[in-house]
Structure formats: C-alpha cells, structure tokens
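Peer 1:
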Amino acid sequence: MRSCKMLYLAPALGGSSVSEEEKAEDAQEIREFYASNPDEFIWVEPGAGPPAPRVSAGRLARAAWKVVKIPAPTVQTNPKVGSQGATLVGMDTWVWATGETPTSVKATATAGSTSVTVTAGSSGLQLSAPDGKASCTGFGVAWHSGMPEGSSPCTISFNRSSAHLGGSTPLTIKVAYSASYTATDGSSGTLPAITTASTVNLPVAEVQTLTTNGKNPRQN
C-alpha cells in the first residue's frame, strides 16, 4: 500500500500551551525532515499504523524539567538564645541548609529511541531580611561547639531587633537552579532556571535584654 510520507510531531508536552520556542523548534524539525526526505511516498505494510510521534530531545528535556519538583529550602541558624531561639543584633547569624535542600538535581526521560538527562545545580543560598545584611557563599556549614567566629561562609547580621516587626524578622531563603540537558542523539542545551524559596520567622533580640549567665550566646 502506498502512503504519503509525513512528519509526525508530538503535541506539546507538560501543558496545553505551546511556547514560541517550541513553535520555532517544530518549524525547524519540519524543514529538516523534508530536506532529508525529498520523496513524497513510502511503502508501508498493510494494516500498519503511522510512525510514532517524533519528540525532539529539546522538547523531551523541557517536559521532564517541567515536572521536576524541587523542595523549598530549609535551614538552621545559630545562635539560638532563650526560649524563643533568638539571634542577636550585631552578631553574625550562621545559616546553613539542611538535608532537605538539594544542591543538585538530575532527571531522565525517554521517548522512542531518544533519552535525555537533565542536570540542574545551584551555587548556594540567597538570603534577605529586613534590617539584615547577608554574606553567603554556598550552602553554609553547620555550627558546632569550638568553631571559631568568622568561619562560616553563610551569615546574616541584623542592625535592629525584631520588636518593631511583631517579635520576629522574616528571613527569606532562595535557591536558584540552572539546568541543562544531554541526549542520546548527541544534542544538548540549556533549560529555564528555577528558583525555590521559603521564609523563616527569626526572632532578633538586643543582647542587653537577655540573660546568658555569662555563656557564649552560641552555646545556649
């Protein structure tokens, strides 16, 4: 049986909307297909259906990236003074990511003969808070007894207590992930960045309002 030769394109994956990038990719696939297949007819076996929809590596990678769920960042801080676990005005507050915060993410997807691997990574935490000045590289290091002051790569310092904010300061933590993909057909590319975020309500106290019994505030 003789049949028209056609290019079958899969519908957009990961949602009903089609981006301009996907439209451009469709157009490019069509041009490449007909450039390499100038004949208009092929033979197919009786009863055979059309070929499986073609899904490009780029589209497959975008579909895989869209469904990846990256958990919001979680952190611990030090010092934690008093019953509220407050930090102190003028003292570097150590911040570090806990195990729930991924530093990198990897996902794979397959369609037909094409498989893609999506890899995403982040350079670290991004901190911001009212009355606070952050200095953060990477994901921080957990404080433990005996660690010298100034040895944390990720801190935030407050110049005012949180009394005027209702007793706690909202500390916003963001993690930006850049992503790329490689495919078994030899192609590769970049994907849109994803940023996750969370907020921790952190009490900030004036040191003179607290009784530390002469102990290092970090050890409370």
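If you're matching positions, the sequence shown starts at 1 in the working numbering and goes up one per residue. Here a beta-carbon is modelled for each residue, glycine too, at the ideal position from N, C-alpha and C.
Which residue wins for smallest C-alpha separation from L125, given the options R59, T195, P170 and A205?
Peer 2: T195
Peer 1: Taking W94 as the reference, give the member of V204, W143, Y181 and A197 with the closest Cα.
Peer 2: W143
Peer 1: When you compare the CB positions of Y177 and V118, do they come within less than 7 Å of one another, or not?
Peer 2: no
Peer 1: How about S128 and T172: are their beta carbons less than 7 Å apart?
Peer 2: yes
Peer 1: Under the three-state reduction of DSSP, which class applies to V67: helix, strand or coil?
Peer 2: helix
Peer 1: Whole angstroms is fine: what's the gap from C154's alpha carbon to A163's?
Peer 2: 24 Å
Peer 1: Considering only the beta carbon of each residue, do N201 and S168 sit closer than 7 Å?
Peer 2: Contact flag set, yes.
Peer 1: Comparing alpha-carbon positions, which option in S115, R218 and G132 lies nearest M147?
Peer 2: Checked all of S115, R218 and G132; the closest Cα to M147 is R218.
Peer 1: Using a Cβ-Cβ cut-off of 8 Å (strictly less than) and excluding sequence neighbours within five positions of A61, which residues of its own chain qualify?
Peer 2: A109, V116, V118, Y181, A183, G189 and L191
Peer 1: Over what stretch of residues does the beta strand (DSSP E) that includes N78 continue unbroken?
Peer 2: Segment V75 to N78, the beta strand (DSSP E) holding N78.
Peer 1: Look up G24 in the DSSP assignment and say whether it is helix, strand or coil.
Peer 2: Inspection of the sequence shows that residue 24 is occupied by Ala rather than by Gly. Secondary structure at A24: helix, using DSSP grouped into helix, strand and coil.
Peer 1: Around the C-beta of S56, are 16 or more other C-beta atoms found within 10 angstroms, so that it is buried, or is it exposed?
Peer 2: buried
Peer 1: Between L165 and G85, what straight-line distance do the alpha-carbon atoms span, to the nearest angstrom?
Peer 2: 16 Å
Peer 1: N201 lies in the beta strand (DSSP E); which residues open and close that run?
Peer 2: Note, N201: beta strand (DSSP E), S188 to L202.
Peer 1: Spatial neighbours of T235 within its chain, please: CB distance less than 6 Å, with the 5 preceding and 5 following residues excluded, ordered by chain position.
Peer 2: Coverage of the chain is limited to positions 1 through 220, which leaves residue 235 absent and any answer about it impossible.
Peer 1: Whole angstroms is fine: what's the gap from K69's alpha carbon to S122's?
Peer 2: CA-CA distance, K69 to S122, rounds to 15 Å.
Peer 1: Does DSSP classify Q208 as helix, strand or coil?
Peer 2: helix
Peer 1: Assign A10 to one of three DSSP states: helix, strand, or coil.
Peer 2: Per-residue confidence for A10 stands at a pLDDT of 46, beneath the threshold of 50, marking its modelled position as unreliable; the derived number appears in the next sentence. Coil.
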